[in-house]
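Take 950 as the starting number for the sequence shown in this note's numbering and just add one per residue. Where is the CB? At the ideal position from N, CA and C, for every residue including glycine. Structure first, then comments.
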Amino acid sequence: MSVSIGITRVILAGVLAISSTSASAAPETTETGEARASDAEAAVGSDGPEGEAADAARAAAITVIEATYGANCGASHGNQTYNLAYSCNGLTYCRYAINHHNIGDPAYGCAKEYTVRWRCMRGDVRSTTVPAEASGKTVTLACDT
């Protein structure tokens, strides 16, 4: 029994090593089909023209600071930060579909705005508001490369 456990550990360790070093996997995508930068890509520095282009793209990447659905109706600020950040962080352009069936309704019966503040990695903070009722509309975040 201890022999098979040892073999399993070796095999499992080999699988983990292979999967953790695999940088050729297809990029993760958001609901909108936009490509998301992988951790492996983020760890690679500039090494020639391709690396410099990747560095420029990362320099223009989106970082969501705050996203709120329904602040105009008394909902708590930042109640959608996680959802939007999960979909858009690391991209240079992101169209996010606002859908109360997916994100919840923090103030039933009130037409809600969707407000966003994000930072491009170069440091400039941007913001936008989708007017009420925001559900069923999209919000677009972009950072110029």
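Taking a contact to mean a Cβ-Cβ separation below 8 Å, would you say residue i touches residue j in this structure?
i	j	result
residue 1068	residue 1017	no
residue 1036	residue 1042	no
residue 1061	residue 1034	no
residue 1009	residue 1073	no
residue 1056	residue 1023	yes
residue 1052	residue 1087	no
residue 1015	residue 1066	yes
Helix, strand or coil for residue i, going by three-state DSSP, please let me know.
i	result
residue 1060	coil
residue 1036	helix
residue 1041	coil
residue 1020	helix
residue 1051	helix
Select from the options the residue whose C-alpha is nearest the C-alpha of residue i.
i	options	result
residue 1078	1086, 1063 and 1087	1063
residue 1021	1058, 1014, 1051 and 1031	1058
residue 1049	1089, 1032, 1040 and 1091	1032
What residues match up with residue i in a beta bridge as DSSP calls it?
i	result
residue 1082	Answer is none; residue 1082 lacks a bridge partner.
residue 1011	1069
residue 1046	1087
residue 1077	1065
Does residue i have its Cβ less than 8 Å from a Cβ in chain E?
i	result
residue 1015	Protein chain content of the structure displayed is limited to a single chain, and chain E is not contained in it.
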